[in-house]
Amino acid sequence: MFKSVFAKYISAFMFIILLSFTVIIVVIASIIASYSEQAKTDIMETAARSSAIFLEGKFESDDAPELAVLVNNEAEDIRAMLSVVSSNSDDVTVLITDNGGRILLEAGRDRAEISEGFTIPKPLMDEVNNGSEIFEKASNYSIFSQTQAVYAVPVYNSNNSVCGTVFVCASSMMLTQLLEVIIKAVVVSILWVLLAALIAVYFISDRVISPLKDISHAAKKFASGKFDTRVTVRGSDEVSELAIAFNNMAESLDNYDTMRNTFMSNVSHDLRSPMTSISGFVDGILDGVIPPEKHEYYLQIVSTEIKRLSRLVASLLDLSRIQAGERKFTMSPFDICEVAREILISFEQKINNKRLEVEFNCDDDRMIVLADRDAIYQILYNLCDNAVKFAREGGILSLSVEKLKGRKVLVSVYNEGQGISEADIPYVFERFYKSDKSRGLNKSGVGLGLFISKTIIEAHEEKIWVESDFGEDCCFHFTLSCE
């Protein structure tokens, strides 16, 4: 029913406001009714007893044998007294009756409704004549047009015998009217509060909904492959935090998409180039275009290109296994210094070709670490391969293994060369990322080596990072745990 956030806000606010005011009305009405009823009862009781005491005092100063005679003799004084008593409340009517219930005198608001010669019902009179005071919340006895509360007090003559009764009657109309006024006032207040709430909810929800709509719109664009959309950040609340997180996600997706496209381009190039070379040289040999004395030379090129393809396929398979969580690491103790020496020796020809000055340093002859030997060999080989590849001719290549506090070992691979720019450093460990966009220096890589290295190091719960002075040098570091 309520699909939009605005409609849900409005319905929730209206429900809470209506419920709150309903509770307020019920509580106020209950308190007022209880208080008014008690106050009215006290007024009626006081009026009835005061009137009875006044009449009993008149018996002492008058020789009247009956109440009817007393009322007739002292009518003016009694009527004045009743007027004073009934004036304490606007809706009070006072009746004076004899023992038989015949009304002798009346005063108050509803006295005009009393028919001449009307008598109070006998059951009520019998109870009062026995000397009991009576209070009834809702009585009529066909005296008045509306139901009234009645308080009856017997009147005693000079012989201490019941000779009549004082009835004080009060309608509930005043209380009803008061409650109606209160309810009307509360209803008007509800309408004003609802209007104010509607306006407030509109502005509040607009502040919340508008960024959400922007995010929803941007998400739909992402679904269609457009990753350059960003949402506007407003304020510093939870919604703005969501917008910031969304923009960060968009930035990551955009970078990932760019790197994916670059990766596809690189892989296509790296597959097409060697395949073209291999096909051309093999066809040349088969067709006799290449003379026999040149076969060995070109077959050597074909072998190199095949190895290049093998490395590419191995990297892709390794990436696939890592992403699928299928690559498992076997932790075992081994000498990291020995591994470092083996790798340096394997690069002897490349090092000599570039006339690099090699520096090797291990704090001890043997430094035993606990890790997956093959995985660490892969990382160190990749770092050394990059260091040799990007080192400037005649520069320094350094490989060091140092002891750290907390049973840790720091492995560092340093080279003098172009280095990595400050803008590229945050992305060097991302998959498919290559800082050499022109592919002029790195023709054999596809931007997976450092990503795989970082994944392996993190699986060992260790750290890997890079430091570089662009145009001068570069150094990769990673840590390992001692046995």
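Going letter by letter, the sequence shown gives residues 15 to 497 in our numbering.
All C-beta atoms in this analysis are idealised placements derived from N, C-alpha and C, irrespective of residue type, glycine included.
Source: prediction; values computed, not measured.
Leu494 lies in the beta strand (DSSP E); which residues open and close that run?
-> Asp487 to Ser495
Should Asn429 and Gly409 be called a contact, given that it needs their Cβ atoms to be closer than 8 angstroms?
-> yes
What residue range is occupied by the uninterrupted beta strand (DSSP E) comprising Ser482?
-> Counting along the chain, the unbroken beta strand (DSSP E) around Ser482 starts and ends at Ile478 to Asp483.
Reference Ile500; option with closest CA among Val40, Ile359 and Ser435 | The first residue shown for the chain is 15 and the last is 497, placing residue 500 beyond what the model contains.
Identified DSSP bridge partners for Gly509 | The chain is shown from 15 up to 497; residue 509 falls before or after that span and cannot be answered.
Leu300, buried or exposed, once every other Cβ within 10 Å from all chains shown has been counted against 16 = exposed
Taking Thr469 as part of the alpha helix (DSSP H), name the residues at either end of that continuous run.
-> Gly463 to Ala473
For Ser452, does the count of other Cβ atoms within 10 angstroms reach 16, so buried, or fall short, so exposed?
-> In this predicted model, Ser452 has a pLDDT of only 44, less than 50, meaning its place in the structure is not dependable enough to derive any value.
Is Ala62 near Tyr165, with beta carbons less than 8 angstroms apart?
-> yes
For Leu370, which of helix, strand or coil comes out of DSSP?
-> coil
Kindly indicate which three-state DSSP category Ala437 falls into: helix, strand or coil?
-> Of the three classes helix, strand and coil, the one that applies to Ala437 here is coil, per DSSP.
Would you call the CB atoms of Glu80 and Asp112 closer than 8 angstroms?
-> yes
Rounded to a whole number of angstroms, what is the C-alpha to C-alpha distance between Gly454 and Gly433?
-> Its pLDDT being 45, under 50, Gly454 is placed unreliably in this model, and the value from its coordinates should be taken loosely. Each residue's alpha carbon lies about 15 angstroms from the other.
Reduced DSSP category for Arg335 - H, G, I as helix; E, B as strand; rest coil = helix
DSSP puts Ala163 in a beta bridge; with which residues?
-> Ala184
Can at least three beta-carbon pairs, one atom from the stretch 319–335 and one from the stretch 358–372, be found at a separation below 8 angstroms?
-> no
Name the DSSP bridge partner or partners of Arg116?
-> Answer by DSSP bridge pairing, in chain order: Thr133.
Which class does Phe241 belong to by DSSP, given the choice of helix, strand or coil?
-> coil
C-beta contact flag for Thr246 and Asp228 at 8 angstroms | yes
To which residues of the same chain is Asn171 closer than 6 angstroms at the C-beta, ignoring the five residues directly before and after it?
-> Phe73 and Cys177, listed in sequence order.
Taking C-alpha atoms, which residue in Gly115, Thr272 and Arg445 lies nearest to Asp332?
-> Selection Gly115, Thr272 and Arg445 evaluated against Asp332 yields Arg445 as nearest (Cα-Cα).
Give the straight-line distance between the Cα atoms of Glu356 and Ala233, rounded to the nearest whole angstrom.
-> Rounded to the nearest whole angstrom, the CA to CA distance from Glu356 to Ala233 is 51 angstroms.
Under 8 angstroms by Cβ, that's how I've got Ala354 and Leu384 pegged, so tell me the actual separation to the nearest angstrom.
-> About 16 angstroms separates the two Cβ atoms, so there is no contact after all.
For Phe217, does the three-state DSSP call read helix, strand or coil?
-> If DSSP states are grouped into helix, strand and coil, Phe217 belongs with the helices.
Give the DSSP-derived three-state secondary structure of Leu455 in the structure shown.
-> Here the model assigns Leu455 a pLDDT of 47, short of 50, so the residue's position is not dependable and the matter cannot be decided.
Using 10 angstroms around the beta-carbon of Leu209, count the other beta-carbons present and answer buried if the total reaches 16, otherwise exposed.
-> exposed
DSSP-derived helix/strand/coil call for Phe149 | strand
Exposure of Asn144, with buried meaning 16 or more beta-carbon neighbours within 10 Å | exposed
DSSP beta-bridge partners of Pro347 | Leu384
Taking C-beta to C-beta, are Asp378 and Glu416 nearer than 8 angstroms?
-> no
For Thr179, which residues of its own chain have a beta-carbon under 6 angstroms away from its beta-carbon, when the five flanking residues on both sides are left out?
-> Take Thr179, set aside five residues on each side of it, and the residues of its chain with a beta-carbon closer than 6 angstroms to its own are Thr111, Val142, Ala166 and Pro168, in chain order.
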